Each structure stands twice: as structure tokens, then as C-alpha cells.
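Input: a single structure, listed below in C-alpha cells.
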Amino acid sequence: MGKKKLIRFQDMKTMDCVFEPDMKTCLEDSFPLKGKWRSDYFKNDKPLIIELGCGKGEYTVQLAKQYPNKNYVGLDIKGSRIWYGADEVRREGMNNVGFVRTKVDFVEKFFAPGEVDEIWLTFSDPQPKKPRKRLSSELFVDRYRKILKSDGIVHLKTDNSMLFDYTLEQIEEHNYQLMESTWDLYGEEMEKLDKETQDILGIKTHYEVMFEEKGFDIKYCKFSI
Ligand SMILES: C[S@@+](CC[C@H](N)C(=O)[O-])C[C@H]1O[C@@H](n2cnc3c(N)ncnc32)[C@H](O)[C@@H]1O
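Residue numbers (this note's numbering): 930 to 1154.
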């Protein structure tokens, strides 16, 4: 491991906004904030929005700045990426953000039934050869259903046509309710949206900027399950 990475890993251990649960905690289902994010961590009763595969946490942190009246938690397995978002949260003294370093596969171990209002899937790995590992597969959506409120929403933003097509197919096949969908978010569609939605969808992640520069159209959909 590089020296910088090592320093960041050490640094993360000192950050109040980062949780790095071990496997035992997952297996024993003993994460202390499960069902208690609002009461014990955020210390308020406001909506809870999570980003899965958050990378450097751009969506989590930017949304948290735009909506100080909501709570945000980003999950990713890569601590070296989470560090960037967590460092910004620390520098800016934000109190409405948390990060969990974990596999999304364990998401139900960190949130209780109905605890989550919205889920963001931002530029998730398309997993071309392993459909079950896609974060919009039935396997994962069944996990999300357990932690989402009954009217909870899933947002998906991607550059990847295969993943987007697959997600739309899943929505149709499993009778999820498609609320919005566009193959070219920054084309004409954006202008039709209200200012608030434009501000939300206009947040760009590290991967989004990379793919946009390569000329990929950005796709977006929103559905409830
Ligand atoms: C292509 S990157 C996108 C990162 C970020 N959302 C962005 O848009 O810049 C995919 C991210 O998902 C994470 N990831 C993929 N599968 C995961 C899983 N099963 N559990 C946790 N993280 C996962 C990777 O570590 C990586 O940071």
C-alpha cells in the first residue's frame, strides 16, 4: 500500500463521521447505529438519504450542503475514496453526514426496516459478467426494500447504457414504479425540470466528470419499489 493511502487509512480512524465495521459486526448484526442513526448519530428526526458505492462521496456531501435539514450516509468498500468526502465533512464541520466503509451487500446490517427515505446509486459498477452483483439487480433491490420507507425512492445515475437498460428492464419485470427516466439528462430534459431538481441532478461525481469528458450521455432514472 502506498504511503499516502496508509496515512489516509490511519486518518480515517480518527474521524467521527466514518464507521469501519468489522465482519463480526456484520455477521452478528450488531452495528450500534442500526435503527438509531437519527437518535444517536444525527440527533434529529430528519429524513435519511443514503448513497451506495459513494466513492469519494460527492453526492453525499453536496446534497448534505444543499439540504442541511436532511441526513446523509455514504457507503463504499474503498476507504481510500471515502476519505476525500469525509475529510471535507471534517474541514467544513458538517453535522449531517456519515460514511460507512463496507460492502453494499451488507446494507441491511446498517439500517433498520423503514429507516431510509431515499437511496442514490451513482455510477455503480456495471458488472457486465455478473448481473446479480449489479446494484440494481433483484437481489440488491430486495435488500433496499427492507430498509426503505414504504414510499421510499431509488435514484440511479449512470453513463453506462447496458446498466441503464438492465435497470429499466428490472423495473418493468418486477413492477417497481418508474417515476422519471432519461437517456440524456443534460440534453433537453434538464431544461424541463424545476430548479430544485436541476440542482440535485446537476451534482457531478468523480466518475461522472470522467465519463462526460469521454463523451458519454448521462442517464438517470428514479423509481419506487
Ligand atoms: C465506478 S465507482 C463510482 C464512485 C462514485 N459513486 C462516483 O460516481 O464517482 C463505483 C464505486 O462503487 C464501489 N462499489 C462497487 N461495488 C460495491 C459493493 N458491492 N459494495 C461497496 N462498494 C462497492 C467501488 O468501490 C467504487 O467506489
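No residue lacks a Cβ here, since even glycine has one placed at the ideal position from N, Cα and C. Quick caveat, the model's predicted, so the values are computed rather than measured.
Verify the contact flag: Leu1092, CB atom, against every heavy atom of ligand 1, threshold strictly below 7 Å. Outside the cutoff, so no.
Cβ of Gly982 within 8 Å of Cβ of Val1033? Yes.
Does the beta-carbon distance from Arg1061 to Leu1068 come in below 8 Å? Yes, Cβ-Cβ distance for Arg1061 and Leu1068 is below 8 Å.
From Gly1027, Arg1030 and Ser1090, residue whose alpha carbon lies closest to that of Gln1056: Taking Gln1056 as reference, the option from Gly1027, Arg1030 and Ser1090 with the minimal CA-CA separation is Ser1090.
Could you give the first and the last residue of the continuous beta strand (DSSP E) run that contains Val1149? Reading off the sequence shown, one finds Tyr at residue 1149, where the question assumed Val. For Tyr1149, the uninterrupted beta strand (DSSP E) segment begins and ends at Lys1148 to Ser1153.
I'd like to know whether the C-beta atoms of Gly918 and Gly1014 end up nearer to each other than 8 Å. Examination of residue 918 is not possible in this model, given that the chain is present from 930 through 1154 alone.
C-alpha gap between Thr1096 and Ser1065, whole angstroms: Their Cα atoms are separated by approximately 6 Å.
Beta-ladder partner(s) of Glu980, from DSSP: For Glu980, which the question treats as bridged, DSSP gives the partners Gly1003 and Trp1049.
Cβ-Cβ distance between Asn1025 and Tyr988 below 8 Å: Not in contact: Asn1025 and Tyr988 (Cβ atoms no closer than 8 Å).
Inspect the beta-carbon positions of Tyr1105 and Ile1048 and report whether they are closer than 8 Å. Taking 8 Å as the Cβ cut-off, Tyr1105 and Ile1048 do not qualify as a contacting pair.
Apart from the five residues on each side of it in sequence, which residues of its chain come closer than 6 Å, Cβ to Cβ, to Leu1122? If we look at Leu1122 and ignore the five residues flanking it on each side, it has no Cβ neighbours.
Between Ile1006 and Arg1020, what straight-line distance do the alpha-carbon atoms span, to the nearest angstrom? Roughly 22 Å between the two C-alpha positions.
Once you ignore the five residues that flank Ala993 on each side, which residues in its own chain have a CB closer than 7 Å to its CB? Closer than 7 Å at the Cβ level, and outside the excluded window around Ala993, lie Tyr1001, Met1023, Asn1025 and Val1026.
State the Cα-Cα distance for the pair Ile1147 and Tyr1136, rounded to the nearest angstrom. Computed Cα separation, rounded: 11 Å.
Taking all protein chains shown into account, decide if His1084 is buried (16 or more other Cβ within 10 angstroms of its Cβ) or exposed. That one is buried.
Could you tell me the boundaries of the alpha helix (DSSP H) in which Phe1140 lies? Element bounds for Phe1140: His1135 to Glu1142.
Hey, could you find the ends of the beta strand (DSSP E) Leu1097 is sitting in? Per DSSP, Leu1097 lies in no beta strand (DSSP E); the unbroken alpha helix (DSSP H) holding it starts and ends at Ser1090 to Glu1102.
Unbroken beta strand (DSSP E) run spanning Gly1081, endpoints: Counting along the chain, the beta strand (DSSP E) containing Gly1081 begins and ends at Leu1077 to Thr1087.
Quick check: Gly1003 and Phe971, are their CB atoms within less than 8 Å of each other? In this structure, Phe971 does not lie closer than 8 Å to Gly1003 by Cβ.
Roughly how many angstroms lie between the CA atoms of Asn998 and Arg967, to the nearest whole one? As the crow flies, the alpha-carbon of Asn998 is around 12 Å from that of Arg967.
Since Gln1106 sits in a beta bridge, which residues does DSSP pair it with? DSSP output for Gln1106 lists Ser1153 as bridge partner(s).
Just verifying my parser: in three-state terms, what is the DSSP assignment at Thr1111? Thr1111: strand per DSSP, three-state reduction.
Gly931 by DSSP, collapsed to three states: which one? Here Gly931 sits in coil by DSSP.
Go ahead and label Gln991 buried or exposed: buried means 16 or more other beta carbons lie within 10 angstroms of its beta carbon, across all protein chains shown. Label assigned to Gln991: buried.
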